[in-house]
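Taking the numbering used here, I'd label the letters of the sequence shown as residues 1 to 188. Take a look at the structure below.
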Amino acid sequence: MKRGLALILALVVVAGVAGAGLYWRWVNSPVYSLYHMVSALKARNYDDFFNYLIIKDIMAGMVDASSKDLLLKGDPKEGDWAKFGRQLGQKLASQFIPKLFEGFEKEMRAVVEAYLRQLTDQQIQALAEAVDLAEVQTQGDEAQVVLKEKKTGERLGLTMRRHPRDRVWRIVGLSYEDFKRIIKREFK
């Protein structure tokens with residue numbers, strides 16, 4: 001009888017430790033933060049939603065990617081001065097734009113919030129389903145996340161980083177190509 005009780009107790013302890021480990025892994029995953037973002041959208045709690053975004057880093061990444069995009073689109077017939085000017089402009093933009101965004105962060109947040117306010121419940125549900133299907137590749141404190149829309153298969157690549165102080169995963173970048181495609185579709 002004591003042996004059976006000890007075995008049951010051991011199984012309960014092992015199951016508890018395994019459950020705690022799985023819970024710890026889940027709470028410390030990028031997808032957990034994405035679920036919180038979707039929950040905040042469902043509740044229309046935009047302050048909570050923005051706790052998981054670093055707008056300044058996202059916009060700086062967009063400017064960097066778009067300037068590289070422009071650099072690649074350069075005319076093959078253009079001269080050395082034009083190439084030099086384009087490269088100099090890119091370097092200046094990479095130094096100047098982050099400082100500029102610091103002043104406009106509130107305005108950018110207001111624009112994003114206005115867009116989020118007009119999302120329908122079906123669109124928010126589609127985001128929740130995309131989070132369910134998220135593909136995550138984590139390396140240290142940085143993760144590449146791909147969200148796929150269930151019906152169309154349309155994708156959006158995100159870069160997330162875990163903050164060293166509170167260990168919460170936040171979005172710090174978007175795939176420029178994916179974002180460009182979505183913007184064209186949304187604002188036709």
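Glycine is no exception: its CB is placed at the ideal position from the N, C-alpha and C atoms. None of these values were measured; they are calculated from a predicted model.
With fewer than 16 other Cβ atoms from the protein chains shown falling within 10 Å of its own Cβ, F187 counts as exposed. Two segments are said to touch when three or more pairs of C-beta atoms, one from each, lie closer than 8 Å; by this definition the stretch 48-63 does not touch the stretch 130-146. DSSP lists Q139 and R161 as the beta-bridge partner residues of E142. When C-beta atoms of the stretch 111-129 are compared with those of the stretch 33-46, three or more pairs fall below 8 Å, so the two segments count as touching. The criterion of a C-beta distance shorter than 9 Å is satisfied by D178 and L156. Using a 10 angstroms sphere on the CB of L34, the tally of other CB atoms reaches 16 or more, which defines it as buried.
For the options D47, T138 and V14, the alpha carbon positioned closest to that of E113 is the one of D47. For V172, the enclosing beta strand (DSSP E) begins and ends at W169 to L174. The beta carbon of A134 lies closer than 6 Å to those of V31, V145 and L147 in the same chain, with the five residues before and after it left out. In this structure, T159 lies near L174, with their beta-carbon atoms less than 9 Å apart. Judged by DSSP secondary structure, Y52 falls outside any alpha helix (DSSP H); it is assigned neither H nor E. Residue state for L5 is assigned as helix, using DSSP reduced to three classes. Collapsing the DSSP output to three states places L88 in a helix. Here L119 carries a coil assignment [DSSP, helix/strand/coil].
Straight-line spacing of the CA atoms in A10 and G19 works out to 14 Å.
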